[in-house]
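Below is one structure, written out as structure tokens, with a few remarks after it.
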Amino acid sequence: MSIKLGDTAPDFKAETSLGDISFYEYLGDSWGILFSHPADYTPVCTTELGYTSKLKSEFDKRDTKVIALSVDGVEDHQNWIKDINETQDTNVQFPIIADKDRRISELYDFIHPNASATATVRSLLIIDPEKKVRLIITYPASTGRNFNEILRVLDSLQLVDTHKVATPVNWQDGDDVIVPPSVSTEDAKKIFPKGVKEIKPYLRYTPQPNI
Numbered sequence: 013m014s015i016k017l018g019d020t021a022p023d024f025k026a027e028t029s030l031g032d033i034s035f036y037e038y039l040g041d042s043w044g045i046l047f048s049h050p051a052d053y054t055p056v057c058t059t060e061l062g063y064t065s066k067l068k069s070e071f072d073k074r075d076t077k078v079i080a081l082s083v084d085g086v087e088d089h090q091n092w093i094k095d096i097n098e099t100q101d102t103n104v105q106f107p108i109i110a111d112k113d114r115r116i117s118e119l120y121d122f123i124h125p126n127a128s129a130t131a132t133v134r135s136l137l138i139i140d141p142e143k144k145v146r147l148i149i150t151y152p153a154s155t156g157r158n159f160n161e162i163l164r165v166l167d168s169l170q171l172v173d174t175h176k177v178a179t180p181v182n183w184q185d186g187d188d189v190i191v192p193p194s195v196s197t198e199d200a201k202k203i204f205p206k207g208v209k210e211i212k213p214y215l216r217y218t219p220q221p222n223i
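Below, the structure written as structure tokens:
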């Protein structure tokens, strides 16, 4: 199964480091991040999970729940978490899915046979409160993800969902945003009271609205 942007994220039940869960029930009405890891007790994954744990307050501010996945078992996950907490100076509180039969990995297309027939790649999905997939990003096993970028995309998606805007290259929270082509300049001046700066008829900026 290949999941694409805009698709509904499949629901599933699974064992995790924090007990059995139903994915939809775990997410509730929140945004969600589901991200896969090649294996437990691996160095890159250890740094990723540690850093993600340290971002808990940032995810909470964005009403976002995080859940990880690895093809190892619950006992391995629980023991590995002890290592993560020790080496990364943190306290992992989000669940890690145990996917020994690779059922969920195959459901979400986390196994890329030409990269590895047994381990998952570093895939990450952002899922909105309607359970729609809004971001898919995949890294090779050797490269750790940039979770500051994940926060940046979350900010962009939540802003875009609230206002008729788009975000330009390298946008950060608080920067000017783009008026999309579907909104005329005349309408934009009514919608955005902070003003509209027209560079070209198709390239117009406005100060970021409040979320």
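Sequential numbering from 13 applies to the sequence shown in our numbering. Ideal Cβ positions, reconstructed from N, Cα and C, are used throughout, including at glycine. All of these numbers come straight from a predicted model, not from anything done at the bench.
For residue j and residue i, the rounded distance between their alpha carbons
i: residue 29; j: residue 147; result: 25 angstroms
i: residue 140; j: residue 181; result: 22 angstroms
i: residue 197; j: residue 165; result: 26 angstroms
i: residue 118; j: residue 144; result: 18 angstroms
i: residue 21; j: residue 15; result: 8 angstroms
i: residue 222; j: residue 19; result: 28 angstroms
i: residue 6; j: residue 82; result: What the structure shows of the chain is the stretch from 13 to 223, and residue 6 is not part of that stretch, so it cannot be assessed.
i: residue 162; j: residue 199; result: 32 angstroms
i: residue 178; j: residue 87; result: 44 angstroms
i: residue 113; j: residue 75; result: 31 angstroms
i: residue 151; j: residue 44; result: 19 angstroms
i: residue 62; j: residue 189; result: 32 angstroms
i: residue 36; j: residue 191; result: 34 angstroms
i: residue 207; j: residue 41; result: 34 angstroms
i: residue 46; j: residue 120; result: 10 angstroms
i: residue 17; j: residue 209; result: 31 angstroms
i: residue 116; j: residue 171; result: 30 angstroms
Where residue i falls, given that 16 or more other Cβ within 10 Å makes a residue buried
i: residue 79; result: buried
i: residue 216; result: buried
i: residue 23; result: exposed
i: residue 107; result: buried
i: residue 184; result: exposed
i: residue 187; result: exposed
i: residue 211; result: exposed
i: residue 157; result: buried
i: residue 32; result: exposed
i: residue 50; result: buried
i: residue 173; result: exposed
i: residue 135; result: buried
i: residue 154; result: exposed
Assigned secondary structure, residue i (DSSP; H/G/I helix, E/B strand, else coil)
i: residue 17; result: coil
i: residue 119; result: helix
i: residue 183; result: coil
i: residue 208; result: coil
i: residue 216; result: strand
i: residue 165; result: helix
i: residue 44; result: strand
i: residue 3; result: Here the chain has residues from 13 to 223 only, and residue 3 is not among them.
i: residue 34; result: strand
i: residue 104; result: coil
i: residue 195; result: coil
i: residue 172; result: helix
i: residue 189; result: strand
i: residue 62; result: helix
Strand pairing of residue i, partner residues [DSSP]
i: residue 151; result: 134
i: residue 49; result: 82
i: residue 27; result: 110
i: residue 76; result: 43
i: residue 178; result: 190
i: residue 96; result: DSSP, once it has assigned bridges, lists no residue as partnering residue 96.
i: residue 139; result: 44, 145
Next on the checklist: Whether or not the region 91-104 and the region 49-68 are in contact is what I'm after, with contact meaning three or more pairs of Cβ atoms, one per stretch, closer than 8 angstroms; do they touch?
Outcome noted: yes
Next on the checklist: I want to know whether the region 60-73 touches the region 101-117 - three or more CB-CB distances under 8 angstroms.
Outcome noted: yes
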